[in-house]
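*Asks:*
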Amino acid sequence: MTKVELIAALEEAQSKADFYQLDSLIEEAKTEYGEEAFCFYYQAEYYRLLKDQEQAIDFYQKAIAISPQANYRLALALSLLQKGEAEEALALLQALQKEIPEEKDLQYALALYYSSQGEEEKSLLQLNKLLAQTPDDVLALRLKVDSLEQLGQYEEALQSLQFLKGEELGAILLAQQEIALLKKLERSEDAIKAYRDLIASDPKNIEYRLALGDYYMQLANYEEAQYCFADVLDLEKKQGGQTAYTLKKKGRALLYRNQLKDAQADFKAAMKTDGDDSESYLLLAQTAERLGQLPMAKMYLELGLDMAAYNRWPLYQKLGQIALALEEWTEAEKAFEGMTREAAGKAEGFYQLGLLYIRQGDLANAYEMLLEADEEFHEKAMDMLKLHCADFLAKKAKEEEGEMLDEFAAAMAKNAQSPFIQQVDAKLWTVHRKATIAQNPLLKELPKEMQSLLLKAFEGMLLQLTPKGLFLLNLGQKPTRAIYRILKEASSGVAIELQPLDSGKMSQNMQFRLRKAFFVLCGIGEGDAKLDIYFQEQSPKDLPAAIKAAYKKADQAEELAFLK
Numbered sequence: 136m137t138k139v140e141l142i143a144a145l146e147e148a149q150s151k152a153d154f155y156q157l158d159s160l161i162e163e164a165k166t167e168y169g170e171e172a173f174c175f176y177y178q179a180e181y182y183r184l185l186k187d188q189e190q191a192i193d194f195y196q197k198a199i200a201i202s203p204q205a206n207y208r209l210a211l212a213l214s215l216l217q218k219g220e221a222e223e224a225l226a227l228l229q230a231l232q233k234e235i236p237e238e239k240d241l242q243y244a245l246a247l248y249y250s251s252q253g254e255e256e257k258s259l260l261q262l263n264k265l266l267a268q269t270p271d272d273v274l275a276l277r278l279k280v281d282s283l284e285q286l287g288q289y290e291e292a293l294q295s296l297q298f299l300k301g302e303e304l305g306a307i308l309l310a311q312q313e314i315a316l317l318k319k320l321e322r323s324e325d326a327i328k329a330y331r332d333l334i335a336s337d338p339k340n341i342e343y344r345l346a347l348g349d350y351y352m353q354l355a356n357y358e359e360a361q362y363c364f365a366d367v368l369d370l371e372k373k374q375g376g377q378t379a380y381t382l383k384k385k386g387r388a389l390l391y392r393n394q395l396k397d398a399q400a401d402f403k404a405a406m407k408t409d410g411d412d413s414e415s416y417l418l419l420a421q422t423a424e425r426l427g428q429l430p431m432a433k434m435y436l437e438l439g440l441d442m443a444a445y446n447r448w449p450l451y452q453k454l455g456q457i458a459l460a461l462e463e464w465t466e467a468e469k470a471f472e473g474m475t476r477e478a479a480g481k482a483e484g485f486y487q488l489g490l491l492y493i494r495q496g497d498l499a500n501a502y503e504m505l506l507e508a509d510e511e512f513h514e515k516a517m518d519m520l521k522l523h524c525a526d527f528l529a530k531k532a533k534e535e536e537g538e539m540l541d542e543f544a545a546a547m548a549k550n551a552q553s554p555f556i557q558q559v560d561a562k563l564w565t566v567h568r569k570a571t572i573a574q575n576p577l578l579k580e581l582p583k584e585m586q587s588l589l590l591k592a593f594e595g596m597l598l599q600l601t602p603k604g605l606f607l608l609n610l611g612q613k614p615t616r617a618i619y620r621i622l623k624e625a626s627s628g629v630a631i632e633l634q635p636l637d638s639g640k641m642s643q644n645m646q647f648r649l650r651k652a653f654f655v656l657c658g659i660g661e662g663d664a665k666l667d668i669y670f671q672e673q674s675p676k677d678l679p680a681a682i683k684a685a686y687k688k689a690d691q692a693e694e695l696a697f698l699k
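Counting in the working numbering, the sequence shown runs from 136 upward without gaps.
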C-alpha cells in the first residue's frame with residue numbers, strides 16, 4: 136500500500152471510528168514509515184477516539200515537532216479543550232485564526248472554547264457562522280443545542296435538536312436531551328410520548344421505564360407511576376430478581392394513592408430483599424403510623440436500627456417523633472441522642488434535643504444542645520437560641536469577653552504608655568465632611584451628588600479610642616467594640632491589630648494618624664477606592680442629636696464599660 140493509499144485508509148477508519156481497523160493500519164504505517172509525522176498523528180487520533188486525551192496530546196505534540204501542520208495543531212487544541220486546558224488551547228486557536236480563518240473545524244473549536252468558559256453567546260456566534268456553510272454539521276448542531284439550553288432558550292434548543300433526528304451515533308443521548316428540554320418547557324404530554332418512544336426502542340431497558348415512573352411522580356400522577364414501576368418489577372423478575380430500589384418506588388406511589396396495605400407489602404418485600412437498607416424500615420414505620428399502628432411503627436424502627444448498616448439517623452428521628460406524639464419524653468430523648476451518634480444526623484439530633492428541652496422548660500439543657508447543633512452548622516439552631524436562650528447567650532458572651540480582656544491585659548498596659556494614644560485617649564471624634572473630601576483625590580474629582588452618596592456610609596460615625604479599646608459607632612449598624620495591640624508607632628501615627636469583642640469576628644489591622652486638628656482613620660475600602668476618613672474632636676454636649684442618642688443608649692447598655 137502506498138503512503139497516499141495508507142493515509143486515505145487511515146482517514147476512512149478514523150472517520151468511521153473503526154478502532155480495530157485504525158489500530159491495524161497504524162501498526163502498518165509504523166512498520167513502513169516509522170517516525171514520520173502522520174504515524175504519530177493517527178496514533179493520537181486513535182487515543183482521542185478512546186477519550187484518552189493525555190496520550191492523544193502526547194502523540195499530537197510528537198507529530199507537530201516533526202511537521203507543524205495547521206490540522207495537527209488544530210487537533211491538539213481540541214484535545215486540550217476536552218482535557219480542560221482551555222488557555223493552552225486558546226493560544227493555538229488564536230494563532231490558527233491568522234492562518235486558516237475560514238476552516239470549519241477551527242470555528243467549531245472556537246465555539247467549544249467559548250462554551251467551556253461559559254460564554255455561550257460567543258459560542259453561538261461561531262456555531263451559526265459554521266452552520267451557515269454546512270447546515271448538517273452534526274457536532275456543531277449538538278454544541279448549539281447545549282449552548283441554547285445553557286442560556287435557557289429551551290424552545291430554540293428543541294428546534295435545533297430536530298435537525299439531529301435520525302443520527303444513529305448518540306441517538307439515546309439525543310432522545311434523553313429532548314425529554315429534558317420538553318420537561319423544562321413543561322410540555323408534559325410531549326415528554327411522556329418521547330419517553331414511551333424511547334422505551335419502545337429498547338423494551339427491556341429498565342432505566343427508561345424507571346425514568347418515566349419518576350416523571351409521573353413529579354406530575355403527581357401516582358397511578359401511572361405505579362404501573363411503570365410494576366412493569367419494571369416484572370422485567371427485573373425475568374432478568375434475575377426484583378430490587379428493593381424498585382419495590383420502594385412502587386410502594387411510595389401506592390402510599391400517595393392511600394393504598395396503605397399494598398404499599399406495606401412492597402416495603403416488606405424491599406426489607407426482605409435488602410435487610411441492610413434503612414429506608415425500607417422507615418417507610419414501613421411511616422405506613423404503620425398512617426394506619427394508626429404506632430407500636431408496630433416503633434417495632435419496625437427498632438428492627439431497622441438492629442439490622443441496617445448505614446443511614447440510620449432517620450430511623451432515630453422517626454422514633455423520636457413518635458415518642459413525642461405519645462408524650463414519652465424519656466424515649467424521645469434516647470432517640471434524639473441516638474441521632475447525635477450518627478455523623479449525618481448529629482446536627483439535627485442536637486437540634487431536636489434542644490427543642491425537646493424547650494418543650495419541657497429545661498432552658499439550661501436546651502441551650503447546651505442548641506449550641507452543639509450550631510457548632511455542627513445547623514441552620515436554625517442560632518435563631519432558636521436567640522429566641523429561647525438569650526440570657527444564656529449573653530452570659531456566654533460576657534465570659535468570652537472577660538477572657539479576651541484578660542488575654543490583652545499586657546497589651547493594654549503597653550497602650551497606656553503610648554504617646555499617640557495619650558493624645559487621643561477617651562476623646563470623642565465625628566467625621567469632618569469637608570476635610571475628608573479635600574484630602575481624598577478620589578472624592579475631590581467626583582460630582583457633589585456622588586460625594587454625598589459615598590460619604591453617607593461614614594457620616595453617622597463616632598470614634599473613641601482609649602488604652603483599653605476602641606468603640607466605633609455607625610448609625611444604623613451594630614457598634615464595633617474591640618480591643619487592640621500596637622503593631623507600629625510613630626509620633627504622628629499608629630498601626631494596631633484590632634480584635635472585635637463580638638464572638639466570631641475576625642481580627643483586622645487599622646492605621647490612625649494625627650494631622651493638625653484631625654484624627655485620621657486611614658485606608659478604608661478596597662484597592663484603588665481606599666479612603667482616609669478625617670475625624671474632628673467633639674464634646675459630648677455638641678454631638679449631633681442622632682449620634683448623641685445612640686452613644687447614650689450604648690453607654691446605658693454597658694457597651695462602653697470595657698473602655699474604662
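All C-beta atoms, glycine included, are put in the ideal place defined by N, C-alpha and C. Owing to the predicted nature of the structure, the values given are computational and were not obtained by experimental measurement.
Within its chain, find whatever has a CB closer than 7 Å to the CB of residue 423; leave out the 5 residues flanking it on each side and keep chain order.
*Replies:* 431, 432, 435
*Asks:* Enumerate in chain order the residues of its own chain whose CB-to-CB distance from residue 602 is below 6 Å, with the five nearest sequence positions on each side excluded.
*Replies:* Answer for residue 602: 547, 550, 551, 556, listed in chain order.
*Asks:* For the alpha helix (DSSP H) holding residue 174, just list the boundary residues, first then last.
*Replies:* Membership of residue 174 in the alpha helix (DSSP H) is indicated by the continuous run 172 to 184.
*Asks:* Taking contact to mean 3 or more Cβ pairs, one atom from each stretch, closer than 8 Å, check whether the stretch 516 to 525 and the stretch 557 to 572 are in contact.
*Replies:* Because the criterion of three Cβ pairs below 8 Å is not met, the stretch 516 to 525 and the stretch 557 to 572 do not touch.
*Asks:* Below 8 Å on the Cβ atoms is my contact criterion, and I expect residue 655 with residue 667 to pass it. Report the Cβ-Cβ distance as a whole number of Å.
*Replies:* 5 Å
*Asks:* In terms of residue numbering, what span does the beta strand (DSSP E) encompassing residue 539 cover?
*Replies:* Note, residue 539: premise wrong, no beta strand (DSSP E); alpha helix (DSSP H) at 525 to 542.
*Asks:* Given residue 439, which residues of its chain have a CB within under 6 Å of its CB, disregarding the five upstream and five downstream residues?
*Replies:* 413, 416, 450
*Asks:* Within the continuous beta strand (DSSP E) that includes residue 677, where are the two ends?
*Replies:* No beta strand (DSSP E) contains residue 677, which DSSP labels as neither H nor E.
*Asks:* Considering residue 263, what are the terminal residues of the alpha helix (DSSP H) in which it resides?
*Replies:* 255 to 268
*Asks:* Which whole runs of the beta strand (DSSP E) in the stretch 559 to 601 are 3 residues long or more, in chain order?
*Replies:* 563 to 566, 596 to 601
*Asks:* Between residue 448 and residue 406, is the Cβ-Cβ spacing less than 8 Å?
*Replies:* The answer is no: Cβ separation not under 8 Å.
*Asks:* If you count every other CB in all the chains shown that lies within 10 Å of the CB of residue 295, and 16 or more means buried, which is it?
*Replies:* buried
*Asks:* Less than 8 Å between the beta carbons of residue 455 and residue 470, yes or no?
*Replies:* Taking 8 Å as the Cβ cut-off, residue 455 and residue 470 qualify as a contacting pair.
*Asks:* Would residue 388 and residue 361 be called neighbours here (beta carbons separated by less than 8 Å)?
*Replies:* yes
*Asks:* Who are residue 613's beta bridge partners in DSSP?
*Replies:* According to DSSP, which records beta bridges pairwise, residue 613 is partnered with nothing at all.
*Asks:* List, from N- to C-terminal side, the beta strand (DSSP E) runs of 3 residues or more that fit wholly inside the stretch 651 to 675.
*Replies:* 653 to 659, 666 to 673
*Asks:* Alpha carbon to alpha carbon, how far is residue 217 from residue 188?
*Replies:* 7 Å
*Asks:* Where does residue 270 land, buried or exposed, given buried means 16+ other C-beta within 10 angstroms?
*Replies:* Counting the other Cβ atoms within 10 Å of the Cβ of residue 270 gives fewer than 16, which makes it exposed.
*Asks:* Helix, strand or coil for residue 237 per DSSP?
*Replies:* Coil, per DSSP.
*Asks:* Consider the Cβ of residue 242: report whether some Cβ of chain B lies at a distance smaller than 8 Å.
*Replies:* In the structure shown, chain B cannot be found, because there is only a single protein chain.
*Asks:* Classify residue 634 as helix, strand or coil using the three-state DSSP reduction.
*Replies:* strand
*Asks:* Would you identify the three-state DSSP class for residue 625, choosing helix, strand or coil?
*Replies:* strand
*Asks:* Could you pull the start and end residues of the alpha helix (DSSP H) that residue 505 belongs to?
*Replies:* 498 to 510
*Asks:* Between residue 567 and residue 686, which are expected to be in contact by the criterion C-beta below 8 Å, what is the C-beta distance as a whole number of angstroms?
*Replies:* Not quite, the Cβ-Cβ distance comes to about 18 Å (not below 8 Å), so this is no contact.
*Asks:* For residue 675, count neighbouring C-beta atoms within 10 Å of its own C-beta (all shown protein chains included) and say buried if the count is 16 or more, exposed if not.
*Replies:* exposed
*Asks:* Between the Cα of residue 379 and those of 573, 162, 684, 399, spot the shortest distance and give me the residue it belongs to.
*Replies:* Per the Cα distances, 399.
*Asks:* Going along the chain, which residues of its own chain have a beta-carbon closer than 7 Å to the beta-carbon of residue 703, five neighbours each way excluded?
*Replies:* There is no way to answer for residue 703, as the model of the chain reaches only from 136 to 699.
*Asks:* Mind checking who residue 158 pairs with in its DSSP beta bridge?
*Replies:* Answer is none; residue 158 lacks a bridge partner.
*Asks:* Within 10 angstroms of its Cβ, does residue 629 collect 16 or more other Cβ (buried), or is it exposed?
*Replies:* buried
*Asks:* Flag this pair as yes or no: are the beta carbons of residue 241 and residue 231 separated by less than 8 Å?
*Replies:* Yes, Cβ-Cβ distance for residue 241 and residue 231 is below 8 Å.
*Asks:* Please name the residue or residues paired with residue 604 in a DSSP beta bridge.
*Replies:* 601
*Asks:* Three-state secondary structure (DSSP) at residue 411?
*Replies:* coil
*Asks:* Using a Cβ distance threshold of 8 Å, determine whether the stretch 154 to 174 contacts the stretch 194 to 205, with at least three qualifying pairs required.
*Replies:* yes
*Asks:* How many angstroms separate the CA atom of residue 194 from the CA atom of residue 336?
*Replies:* 39 Å
*Asks:* With residue 244 and residue 212 assumed to form a contact (beta carbons below 8 Å), what rounded beta-carbon distance in angstroms separates them?
*Replies:* 5 Å
*Asks:* Taking DSSP as the reference, what is the three-state secondary structure of residue 645?
*Replies:* strand
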